[in-house]
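Engineer: Plus 4 on top of the position in the sequence shown (first one is 1) and you've got the working numbering.
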Amino acid sequence: MNTLRIAIQKSGRLTDKTIQLLENIGIRFDGYKNRLLVKSLNFDLELLLIRDDDIPEYVQDGICDLGVVGANVTLESEAEVTVLKDLDFGHCRLSIAAPAGSPVRSAKELNGKRIATSYPVLTKNYFTKLGLDVKVVKISGAVEITPRLDVADAICDLVSTGGTLKTNGLRELETILRSQSQLIRTNKPLPDHKLKLIEKFLVRIEGQQLAENSRYIMMNAPKESLDSISAIIPSLNSPTVLPLADPDMIAIHTVIPISKFWEVMEELKAAGATGIVMLPIQNMIN
Ligand code: ATP
Ligand code: ZN
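1. Would Asp161 and Val138 qualify as a contact pair, given that the criterion is a beta-carbon distance under 7 Å?
2. Pick out the complete beta strand (DSSP E) segments inside the segment 146-197, 3 residues or longer, and give them in chain order.
3. Can you give the beta carbon distance from Leu51 to Tyr36, rounded, assuming they're within the 8 Å contact cut?
4. With a floor of 3 residues, list each beta strand (DSSP E) that falls wholly inside the segment 41-110, ordered by position along the chain.
5. Below 8 Å on the Cβ atoms is my guess for Arg189 versus Asp69; work out the distance and round it to an integer in Å.
6. Under 6 Å: does the beta carbon of Gln213 sit that close to some heavy atom of the ligand ATP?
7. Between which residues of its own chain and His197 is the CB-CB distance below 6 Å, once the five residues before and five after are set aside?
8. Beta carbon of Ile256, beta carbon of Val245: below 7 Å?
9. Quickly, what does DSSP pair Thr278 with across the bridge? List them, please.
10. For the ligand ZN, is there a heavy atom less than 6 Å away from the beta-carbon of Asp56?
11. Considering Cα atoms alone, identify which of Leu272, Val87, Ala102 and Leu40 is closest to Asp154.
12. Tell me the DSSP bridge mates of Leu206?
13. Any idea if Leu25 is buried or exposed, counting beta-carbon neighbours within 10 angstroms, 16 or more meaning buried?
14. If you measure from the CB of Ser99, is any heavy atom of the ligand ATP nearer than 6 Å?
15. Provide the residue span of the beta strand (DSSP E) that contains Ile119, from first to last.
16. Thinking Val42 and Asp56 are a contact (beta carbons under 8 Å), I'd like their distance in whole angstroms, please.
17. Verify the contact flag: Asn76, CB atom, against every heavy atom of the ligand ATP, threshold strictly below 6 Å.
What follows is the structure in structure tokens.
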């Protein structure tokens, strides 16, 4: 009863990434394939493996305390849950697309038309906000072939690269939602024990995200360059400075956001740094 329960997708695009995330933060499982409920070996947490469409309701109703699911699914379900964190995987967009050969160039031109989608709520809301009235045709799969079958005039579907749309002779018109996987939490009151576990869980995820977005960099430099190099490094902490066999040289070690690496690399070289090495970081607690 006291074990924290998290709903995750049983088998699909999010499954491996979700398990990977849990393993990256030190939560281990002994096999999860073809199982419904799996207890962690070393954290007071169990997985409930279900279809992603069921996750928001399960979390809303408190059957699960937490869930990992795409924002697209949560918003479509209209479930009342709290988003704790964007998880930076499962990126996609929900877009409106029409046959490439049709004269339609924008969603506005679809007034009165039939739109096939697996996301009727989000689709309807979008058009209603534009002041348009469309006929939403709910389809649960292979939405992209409906215009060819004359079931619909346009579609509203998930896209990541756009390849599937192109293959099916469709042109993307407008994006109605940008989505990624999120950690959601039930709004039902939880006992202290579970709140503490959630807090612990979140700290670990934050550490993991920080590590993923950071790199450990090492370089050698003339001693007199230390001040100019320190000024360039957008470091999280002050750098580690180590002596080298050559008394005029030092080694500088530090952690920087990955987004800055290429930017500062040029400047570091110009300031005299040599042998710059960048390493991934497994985890990091600030
Ligand atoms: P289930 O059997 O669990 O209902 P599903 O077929 O609905 O699975 P998947 O195709 O596995 O779902 O997609 C799960 C989630 O992955 C989507 O809801 C979305 O958040 C995300 N996603 C990322 N890229 C794409 C994409 N190109 N197409 C569809 N979903 C994507
Ligand atoms: Zn689904």
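We treat Cβ as the ideally placed atom computed from N, Cα and C, and that holds for glycine.
Please read all numbers here as calculations on a predicted model, not as lab measurements.
Structural biologist: The structure says:
1. One-based indexing of the sequence shown puts residue 161 at position 157. One-based indexing of the sequence shown puts residue 138 at position 134. No; because the gap between Cβ atoms is not below 7 Å, this pair is not in contact.
2. 158-163, 174-183 and 185-190
3. Taking the sequence shown and counting its residues from 1, the one referred to as residue 51 is at position 47. Taking the sequence shown and counting its residues from 1, the one referred to as residue 36 is at position 32. Sure, about 6 Å apart at Cβ, within 8 Å.
4. 41-43, 49-54, 70-74, 85-90 and 96-103
5. As a position in the sequence shown, residue 189 is number 185, starting the count at 1. As a position in the sequence shown, residue 69 is number 65, starting the count at 1. Indeed, because the Cβ distance is near 7 Å, the residues count as touching under 8 Å.
6. Locating residue 213 in the sequence shown gives position 209, where the first residue counts as 1. No, the ligand ATP has no heavy atom inside 6 Å of this Cβ.
7. Looking up residue 197 in the sequence shown gives position 193. Here the set comprises Asn6.
8. In the sequence shown, residue 256 corresponds to position 252, counting from 1. In the sequence shown, residue 245 corresponds to position 241, counting from 1. In contact: Ile256 and Val245 (Cβ atoms closer than 7 Å).
9. In the sequence shown, residue 278 corresponds to position 274, counting from 1. Answer by DSSP bridge pairing, in chain order: Asn224.
10. Counting from one through the sequence shown, the residue named residue 56 turns up at place 52. Because some heavy atom of the ligand ZN lies under 6 Å away, the Cβ of Asp56 counts as near it: yes.
11. As a working mapping, residue 154 is identified with position 150 in the sequence shown. Ranking Leu272, Val87, Ala102 and Leu40 by Cα distance to Asp154 puts Ala102 first.
12. Locating residue 206 in the sequence shown gives position 202, where the first residue counts as 1. None, per the DSSP bridge assignment.
13. Position 21 of the sequence shown, counting from 1, holds the residue named residue 25. Looking at its Cβ environment, which holds 16 or more other Cβ atoms inside 10 Å, Leu25 is buried.
14. For the purposes of this step, residue 99 is taken as residue 95 along the sequence shown, with counting starting at 1. In this structure, the ligand ATP has no non-hydrogen atom nearer than 6 Å to the beta-carbon of Ser99.
15. Position 115 of the sequence shown, counted from the first residue, corresponds to residue 119. It spans Arg118 to Thr121 - the beta strand (DSSP E) in which Ile119 sits, taken as one unbroken run.
16. Here residue 42 refers to the residue found at position 38 when the sequence shown is read from its first residue. Here residue 56 refers to the residue found at position 52 when the sequence shown is read from its first residue. At roughly 17 Å, the Cβ-Cβ gap does not stay under 8 Å, so Val42 and Asp56 are not in contact.
17. Translated into the one-based positions of the sequence shown, residue 76 becomes position 72. Within the cutoff, so yes.
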